[in-house]
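Beneath this line is the structure, given in structure tokens, with notes to follow.
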Amino acid sequence: MTDSKESKHEEPSRSPHDREPEQPLSGDGTTRWTTRPETAADTGAVYAVNAAAFPTDAEARLVDALRDDPQAWLPGLSYVAEAADGSVAAHALLTRCLVGGAPALALAPVATAPEHQRRGAGQAVVRALLDAARLRPEPLVLVLGHPEYYPRFGFVPASRYGIRPGFEVPDEAMMALVLDDSGPVPRGTIQYPAAFGV
Ligand SMILES: CC(C)(COP(=O)(O)OP(=O)(O)OC[C@H]1O[C@@H](n2cnc3c(N)ncnc32)[C@H](O)[C@@H]1OP(=O)(O)O)[C@@H](O)C(=O)NCCC(=O)NCCS
58 MTDSKESKHE EPSRSPHDRE PEQPLSGDGT TRWTTRPETA ADTGAVYAVN AAAFPTDAEA
118 RLVDALRDDP QAWLPGLSYV AEAADGSVAA HALLTRCLVG GAPALALAPV ATAPEHQRRG
178 AGQAVVRALL DAARLRPEPL VLVLGHPEYY PRFGFVPASR YGIRPGFEVP DEAMMALVLD
238 DSGPVPRGTI QYPAAFGV
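58 is the number of the first residue of the sequence shown in the working numbering; add one for each residue after it.
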């Protein structure tokens with residue numbers, strides 16, 4: 058279990074007085090989130106957070122489909138951030154993908170329940186999940202997402218490593234994070250789990 062605290066500069070306009078009343082604050086007034094791997098009891102809440110965060114329930118159903126795919130699902134690499142009342146505020150998932158035929162990790166989806174957004178829950182759960190991946194012999198994480206959001210975790214355009222998706226996306230949206238550079242970084246085309254449908 059990881060206790061995470063986001064720094065104050067991320068939300069300069071928010072003061073301790075306009076926080077959600079139920080959310081505990083650390084001594085310097087920033088929100089703290091408890092992050093941990095999902096358990097069997099979280100399945101419904103994880104679905105609900107993804108369904109609420111995205112315009113449709115496609116991502117929520119994607120998570121369930123990935124959970125049912127033993128080739129894609131990696132136990133211990135689906136993480137949640139808990140709100141003060143113990144409910145699931147945010148979720149992030151790493152599943153098995155291939156890059157040029159070599160194993161890598163795909164980060165998707167990442168979701169924070171709308172009522173908890175922009176309070177650091179997303180960053181807390183992503184950081185905890187990436188830390189969990191760093192404890193494993195995993196060389197590389199890929200993410201297709203907001204180019205303004207993921208560089209804060211160390212992601213850079215995947216094209217710098219000769220990594221490309223098998224479909225058209227803006228170059229800056231396909232990002233890579235090398236976890237272990239002691240060996241060659243896989244390069245080539247990304248092959249996502251079947252549930253992604255790409
Ligand atoms: C994107 C998302 C996961 C971020 O989680 P969060 O808990 O709201 O974000 P945090 O509080 O951890 O981080 C806030 C930072 O993220 C940025 N951010 C939030 N949503 C963003 C978005 N859609 N695009 C780019 N940046 C975003 C904020 O501007 C803020 O940046 P700053 O630190 O530079 O001020 C969340 O807003 C969400 O679930 N959105 C809907 C689903 C989605 O788009 N998922 C990501 C798919 S790639």
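Positions of the beta carbon are idealized from the N, C-alpha and C atoms, including for glycine.
Given residue i as reference, the closest of the options once Cα atoms are compared
i: E172; options: G254, A105, P250; result: A105
i: V156; options: A215, G179, V183, L119; result: A215
i: V145; options: D121, E205, T91; result: T91
i: G219; options: V242, A159, P208; result: V242
i: D99; options: F224, P112, A190, A117; result: A117
i: R176; options: L197, E139, P132; result: E139
Spatial distance of residue i from residue j (CA atoms)
i: C154; j: V235; result: 14 Å
i: R124; j: W130; result: 6 Å
i: A17; j: G101; result: This structure cannot settle anything about residue 17, because the visible part of the chain is limited to 58 through 255.
i: S61; j: L187; result: Caution applies to S61, whose pLDDT of 47 falls short of 50 and renders its modelled position unreliable; the model cannot decide the point.
i: A110; j: A168; result: 6 Å
i: A210; j: V137; result: Looking at the sequence itself, residue 210 is Phe, so the reference to Ala does not match. Using only the alpha carbons, I get a separation of about 17 Å.
i: G143; j: D126; result: 28 Å
i: H203; j: A170; result: 17 Å
i: V226; j: L192; result: 30 Å
i: R221; j: M231; result: 8 Å
i: Q26; j: D237; result: The question about residue 26 has no answer, for the chain in this structure spans 58 to 255.
i: D229; j: A97; result: It is worth fixing the name first, because residue 229 is Glu in this sequence and not Asp. So the alpha carbons of these two residues sit roughly 35 Å apart.
i: V255; j: L201; result: 12 Å
i: S239; j: E195; result: 11 Å
i: A115; j: A122; result: 10 Å
i: E79; j: A189; result: Unreliable positioning characterises E79 in this predicted model, as indicated by a pLDDT of 49, which lies under 50. The coordinate reading is nonetheless provided below. Each residue's alpha carbon lies about 28 Å from the other.
i: V213; j: T88; result: 27 Å
Nearest-angstrom Cβ-Cβ length linking residue i and residue j, presumed shorter than 8 Å
i: A178; j: A147; result: 4 Å
i: A149; j: L164; result: 7 Å
i: P166; j: S135; result: Not quite, the Cβ-Cβ distance comes to about 11 Å (not below 8 Å), so this is no contact.
i: L119; j: A252; result: 6 Å
i: L199; j: A233; result: 6 Å
Heavy atom of ligand 2 within 6 Å of residue i beta-carbon
i: A252; result: For the structure depicted, ligand 2 is absent and the ligand set comprises only ligand 1.
> Does the stretch 177-194 come within contact of the stretch 239-250, defined as at least 3 CB pairs closer than 8 Å?
Replying inline: No contact exists between the stretch 177-194 and the stretch 239-250.
>> Which complete beta strand (DSSP E) runs does the stretch 136-172 hold, if anything under 3 residues is left out?
In response: 145-156, 159-169
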